[in-house]
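**Student:** Going down the list, the sequences are from chains A and B. Under the working numbering, think of the first position of the first sequence as 15, with each following residue one higher. Under the working numbering, think of the first position of the second sequence as 3, with each following residue one higher.
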Amino acid sequence: MRTLQKLTQRFCLGALATLTFGSALAADPGVTNEKLVLGAVIPLSGPPSIIGKAIATTLKVWEQDVNSRGGIGGYVPQRTVQGLKKLIDVEQIFALIGTSGSSQLLAMLPIIDEQKIPAINHIAVNSAHFNPPHKTLFNIGATYCQEVSASMKHLVTSQKLQGSKFGLIFQEDDYGTDVKCGYEQALKELGLKSSIEVAYKRGAKDFSAEVLSVQRAGATFVLTGGIITETAAMLKEIAKNQMQAVRLAAHPSHLPAVLALAGPAADGVYVAEYVPPVTDTQTQGIGKLTALTYKYFSANEVKDMNRYSLTAYVGVQLLESALNACAKNLTRACVVEKLEQTKNFTSDGIMAPLTFGPNIRQSGTRPILLKANASAGKFERASEFLSSK
Amino acid sequence: MRSGNFKQNYRQLLALTDSVTVIVWSCLLVALLAAAPLLLAKYYVSVILLLLITAVGVLGLNLLTGTTGLISLGHSGFLAVGAYTAGIVASKLGWPMLASIFAGGVSAAIAGIIVGIPSLRLKGLYLAITTMAFAVIINHLILNGGDLTGGSEGLTVPQPSLFGQALDAERGYYYVVLCFVVVFTFITLNILRSRIGRAFLAIREHDIAAKAMGVNLVRYKLLAFMVIAFYTGIAGGLLAYYTRYLNVDSFSLLISIEALSMLIVGGLGSVAGALLGTAFIVLLNESLGFVFGMIGASFGGSGSTAAYEIKGVIYGLAIVLFLRFEPDGLMGRWRDIKHYWTHWPFRF
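Here it is, written out as structure tokens:
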């Protein structure tokens, strides 16, 4: 029997997990008769740690849960490129269950490809991650372009907002480019035109000029393409200017910090997502994760949970399923094969069912629209899972 | 009885070193570095590899800031120019690795001349801010470079190869980088003992006095910027082939600050100090990562994630304390130890 062992390290955490395992034809690194070593590269310091810590907690919950259930298959079972090299060469990981941000994953891709390491990307999905497909990298979730496009189309059609004037405020980087892609795609497919698109530099704190530009253009529908503090600042500025506009944001704004920072100004803002609110414990999968976190940790860890906890949980469950399927022949090739054969993998309502296949390395793209309830301090469902088209 | 180290002719004065001990230890260091890929796990080799690439850039900055006395915060810009040039000519034009890295150095050197022009009239903080503006402009140009730079999505660089043979980063490519470090260390030592090096020193001590002695300030200040930009561009090219993916996030202003801290910790104006400072900062970061990884693992739960925040604080605190209690850097500490053993039992 092998135990799951998780590795965690610095900027990029190498979350290492040791799963309990039985006898296996262990030909690949990270697999012994007693344990299976998995790693993740995630940010654990600085501003992005709000994401990394939520993921780390979930990975630890899963580690405890898997091991308490007897491990995998009935057996008893850690700066980005450097972090990955450490996980591979020092910790001898078998698979990667956390791949940091979008550009960080792109930097790691040559190594992942060369070493043929099974990797699950559940943090930030970009089209360059799966187009062209990489044999061992499986991406779960929609790109910003996909989620914004589908959510915006649904919002405009369902609320009959075709007569609106549309405005976009976006960050001048890869994130902003992807958000802009979704905005332009939605308008093109709806046969509508953009009134104004305003770019801001990363790290900007004051959005008075940007919001004023959008207001002067007469926008009644604003896509606030910020991350956390940026979105909060934009929402406050929109409220301050008394703009009567429908506001939509991409999923990085689906964090409690945005509600806390924006206060009442966040009320009613829509968020393009592909997971339900983390507070929606009625959803079976979320209820289960919350209960497990209470069981193995404390209310503090539950409080730190956010949307990234949910995507991480789906990612490790998917990997667990493939590990179980290869329990008697635990090799990287087998795990990749089983992941590729995934058909309608359900996550108890956390995400739309996942399906992969030959050259299909992205799934779970169906978006869900959320709406902020500032007085309750949480996000609520504004739709069920939508079509990804 | 001789009580000091006297030079009796110009040959002795211009020698790289008159110490057999220094030669032996230097050869031993190179031999150890050459043996590293054979003795260490790939990750540890990759740490040394990154350290060696950083050393090339810091050696250049030492010539500008340590030797010529000109402060630059545009190092990250030169690094980006070198890395992106190497990446572009390699990925889009199919240039071979060495030619691409050299192209990175040359393009950065040209940028160095352009940035150097304001240095003719500016000093100190004013110069620092001007060079910093250069780095900001470069970041902006990269972001808006379209297909040429890959914009915000970044640029993929081909695997390093030499004479058609693909090189593994921690094996073959490591030796290429090691050769660059050895060659650039010799070039730096040679610049320092030449007319150019002495002109740089004269400018640092008093530029008007240097001009009165016949040092052409326009020529030598521009030359200093061109030389350090070339060094940094080469480091950028080496970095491009190491990471094999370039993104504007890799060239933040923090890199310029970190390079200056390496110089100050090592000891300004000294080649050995620049190398020591680089090693100190890189290894401090790595060792803190290791220690806090261990501490984090022992805490378990959320404690393991909190440990990483503390690591950042200790990293900064270590540098501040070092600057406060050893302003002459590691080379100053080394000189004190050497004098103690040379002059013992006397205090000086």
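Glycine included, every Cβ here is placed at the ideal spot set by N, Cα and C.
Answer with yes or no whether the minimum CB distance from D149 (chain B) to chain A is below 8 Å.
**Tutor:** Numbered from its first residue, the second sequence carries residue 149 (chain B) at position 147. Answer no: the Cβ-Cβ gap between D149 (chain B) and chain A never drops below 8 Å.
**Student:** With DSSP run on the structure shown, which of helix, strand or coil describes F393 (chain A)?
**Tutor:** Position 379 of the first sequence, counted from the start, is the residue given in the question as residue 393 (chain A). Residue state, collapsed to three classes: strand.
**Student:** So H265 (chain A) and A247 (chain A) are supposed to be a Cβ contact under 8 Å. How far apart are they, rounded?
**Tutor:** Counting from one through the first sequence, the residue named residue 265 (chain A) turns up at place 251. Counting from one through the first sequence, the residue named residue 247 (chain A) turns up at place 233. That pair is no contact at about 18 Å.
**Student:** Whole beta strand (DSSP E) runs in the segment 118-163 of chain B with 3 or more residues, listed along the chain?
**Tutor:** You should have found no qualifying run.
**Student:** With distance defined between alpha-carbon atoms, name the residue in B:R335, B:R13, B:L53 nearest to F182 (chain B).
**Tutor:** Reading the second sequence from its first residue, position 180 is the one you call residue 182 (chain B). Checking every option, the nearest Cα to that of F182 (chain B) belongs to B:L53.
**Student:** Classify F165 (chain B): buried if its beta carbon has 16 or more other beta carbons within 10 angstroms, exposed otherwise.
**Tutor:** Position 163 of the second sequence, counted from the first residue, corresponds to residue 165 (chain B). Its Cβ having fewer than 16 others within 10 Å, F165 (chain B) is exposed.
**Student:** Below 8 Å, how does it come out for the segment 266-278 of chain A and the segment 207-216 of chain A: are there three or more Cβ pairs, yes or no?
**Tutor:** Too few Cβ pairs lie closer than 8 Å, so no.
**Student:** By the 7 Å beta-carbon criterion, what residues does the segment 175-187 of chain B contribute toward chain A?
**Tutor:** Listed by position along the chain: nothing, the set is empty.
**Student:** Assuming K223 (chain B) and I205 (chain B) form a contact by the criterion Cβ under 8 Å, report the distance between their Cβ atoms to the nearest whole angstrom.
**Tutor:** As a first step, residue 223 (chain B) is located in the second sequence; it is residue number 221 there, counting from the start. As a first step, residue 205 (chain B) is located in the second sequence; it is residue number 203 there, counting from the start. At roughly 7 Å, the Cβ-Cβ gap stays under 8 Å, so K223 (chain B) and I205 (chain B) are in contact.
**Student:** Is the closest heavy atom of the ligand FAD to the C-beta of A85 (chain B) under 7 Å?
**Tutor:** The ligand content of the structure shown is nil, which means the ligand FAD is not present either.
**Student:** Under 8 Å, Cβ to Cβ, is there at least one residue of chain B near P367 (chain A)?
**Tutor:** Position 353 of the first sequence, counting from 1, holds the residue named residue 367 (chain A). With 8 Å as the cut-off, P367 (chain A) does not count as an interface residue toward chain B.
**Student:** Can you pull the chain B residues whose beta carbon is under 8 Å from the beta carbon of T238 (chain A), in chain order?
**Tutor:** Counting from 1 along the first sequence, the entry for residue 238 (chain A) is found at position 224. The premise fails here: T238 (chain A) is roughly 19 Å from chain B at the closest Cβ pair, so nothing lies under 8 Å.
**Student:** Helix, strand or coil: which one does DSSP assign to H165 (chain A)?
**Tutor:** Here residue 165 (chain A) refers to the residue found at position 151 of the first sequence. Looking at the sequence provided, one finds Ser at residue 165 (chain A) rather than His. Helix, per DSSP.
**Student:** Could you name the residues of the segment 28-59 of chain B whose beta carbon sits closer than 9 Å to any beta carbon of chain A, in the order they occur along the chain?
**Tutor:** Answer in chain order: A43, K44, Y45, Y46, V47, S48, V49, L52.
**Student:** Evaluate Y12 (chain B) with the Cβ neighbour count: other Cβ atoms within 10 Å of its Cβ, from every protein chain shown; 16 or more gives buried, anything less gives exposed.
**Tutor:** Counting from 1 along the second sequence, the entry for residue 12 (chain B) is found at position 10. Looking at its Cβ environment, which holds fewer than 16 other Cβ atoms inside 10 Å, Y12 (chain B) is exposed.
**Student:** Compare the C-beta of G303 (chain B) against all C-beta atoms of chain A and say whether one is closer than 8 Å.
**Tutor:** For this step, residue 303 (chain B) is matched to residue 301 along the second sequence. For G303 (chain B), the predicted model reports a pLDDT of 48, less than 50, meaning its position is unreliable; a value from the coordinates is still stated below. It does: the Cβ of G303 (chain B) has a partner Cβ on chain A nearer than 8 Å.
**Student:** Using the Cα positions of L383 (chain A) and V284 (chain B), report the straight-line distance between them to the nearest angstrom.
**Tutor:** Indexing the first sequence from 1 puts residue 383 (chain A) at position 369. Indexing the second sequence from 1 puts residue 284 (chain B) at position 282. Those two C-alpha atoms are separated by around 45 Å.
**Student:** Say whether chain B places a C-beta atom closer than 8 Å to the C-beta of S227 (chain A).
**Tutor:** In the first sequence, counting from the first residue as 1, residue 227 (chain A) sits at position 213. False, the Cβ-Cβ gap to chain B never drops below 8 Å.
**Student:** Is there at least one Cβ from chain B nearer than 8 Å to T72 (chain A)'s Cβ?
**Tutor:** Position 58 of the first sequence, counted from the first residue, corresponds to residue 72 (chain A). It does not; no Cβ of chain B falls within 8 Å.
**Student:** Do T325 (chain A) and H136 (chain A) have their beta-carbon atoms positioned less than 8 Å apart in this structure?
**Tutor:** As a position in the first sequence, residue 136 (chain A) is number 122, starting the count at 1. As a position in the first sequence, residue 325 (chain A) is number 311, starting the count at 1. Yes, Cβ-Cβ distance for H136 (chain A) and T325 (chain A) is below 8 Å.
**Student:** Can you give the Cα-Cα distance for K94 (chain B) and I144 (chain B), rounded to whole angstroms?
**Tutor:** The residue you call residue 94 (chain B) lines up with position 92 of the second sequence. The residue you call residue 144 (chain B) lines up with position 142 of the second sequence. Their backbone Cα atoms lie some 16 Å apart in a straight line.
**Student:** My understanding is that V292 (chain A) touches A386 (chain A), with C-beta atoms under 8 Å, so please give their C-beta distance in whole angstroms.
**Tutor:** Here the question's residue 292 (chain A) lines up with position 278 in the first sequence. Here the question's residue 386 (chain A) lines up with position 372 in the first sequence. About 13 Å; that fails the 8 Å criterion.
**Student:** Scan the segment 247-264 of chain A for residues whose Cβ lies nearer than 8 Å to a Cβ of chain E and list them as they occur along the chain.
**Tutor:** Absent here is chain E; the protein component of the structure consists of chains A and B.
**Student:** At 4 residues or longer, what runs of the alpha helix (DSSP H) sit wholly inside the segment 100-179 of chain A?
**Tutor:** Whole alpha helix (DSSP H) segments, 4+ residues: 116-129, 141-144, 158-172.
**Student:** Any contact of the segment 353-366 of chain A with the segment 326-335 of chain A, i.e. 3+ C-beta pairs under 8 Å?
**Tutor:** As far as the Cβ criterion goes, the segment 353-366 of chain A touches the segment 326-335 of chain A, which means the pair count is three or higher.
**Student:** Where does the unbroken alpha helix (DSSP H) through K309 (chain A) begin, and where does it stop?
**Tutor:** Numbered from its first residue, the first sequence carries residue 309 (chain A) at position 295. Here the alpha helix (DSSP H) through K309 (chain A) covers 298-310.
**Student:** Can you give me, in chain order, the residues of the segment 225-254 of chain B that have a beta carbon less than 7 Å from any beta carbon in chain A?
**Tutor:** The residues in question are T245, R246, Y247, N249, D251.
**Student:** Look at the alpha carbon of W346 (chain B) and the alpha carbon of L15 (chain B), and state the distance between them as a whole number of angstroms.
**Tutor:** Against the second sequence, residue 346 (chain B) aligns to sequence position 344. Against the second sequence, residue 15 (chain B) aligns to sequence position 13. Computed Cα separation, rounded: 27 Å.
**Student:** Below 8 Å, how does it come out for the segment 187-200 of chain A and the segment 220-232 of chain A: are there three or more Cβ pairs, yes or no?
**Tutor:** No, the segment 187-200 of chain A is not in contact with the segment 220-232 of chain A.
**Student:** What residues of chain A sit near G156 (chain B), judged by a beta carbon separation below 7 Å?
**Tutor:** The residue you call residue 156 (chain B) lines up with position 154 of the second sequence. Residues of chain A passing the Cβ test: S117, L120.
**Student:** Is there a Cβ from chain A that is less than 8 Å from the Cβ of L164 (chain B)?
**Tutor:** Residue numbering aside, residue 164 (chain B) sits at position 162 when the second sequence is read from its first letter. Answer no: the Cβ-Cβ gap between L164 (chain B) and chain A never drops below 8 Å.
**Student:** Name the chain B residues that come within less than 7 Å of D188 (chain A), Cβ to Cβ?
**Tutor:** If you number the first sequence from 1, residue 188 (chain A) lands on position 174. In chain order: S154, E155.
**Student:** Which stretch, first to last residue, makes up the beta strand (DSSP E) that contains Y288 (chain A)?
**Tutor:** Residue mapping note: residue 288 (chain A) aligns to position 274 of the first sequence, counting from 1. Looking at the DSSP string, Y288 (chain A) is not in any beta strand (DSSP E), and its letter there is neither H nor E.
**Student:** Of the choices B:M264, B:F282, B:A226, B:V250, whose alpha-carbon is the least far from that of R200 (chain B)?
**Tutor:** Here the question's residue 200 (chain B) lines up with position 198 in the second sequence. Of B:M264, B:F282, B:A226, B:V250, the residue nearest in Cα terms is B:A226.
**Student:** Leaving aside the five residues before and after K403 (chain A) along the sequence, list all residues of the same chain whose C-beta is less than 6 Å from its C-beta, in chain order.
**Tutor:** Residue 403 (chain A) sits at position 389 when you count from the first residue of the first sequence. Nothing listed; no residue qualifies.
**Student:** Taking a contact to mean a Cβ-Cβ separation below 8 Å, would you say Y158 (chain A) touches D192 (chain A) in this structure?
**Tutor:** What you label residue 158 (chain A) is simply residue 144 of the first sequence in a count that begins at 1. What you label residue 192 (chain A) is simply residue 178 of the first sequence in a count that begins at 1. Yes; because the gap between Cβ atoms is below 8 Å, this pair is in contact.
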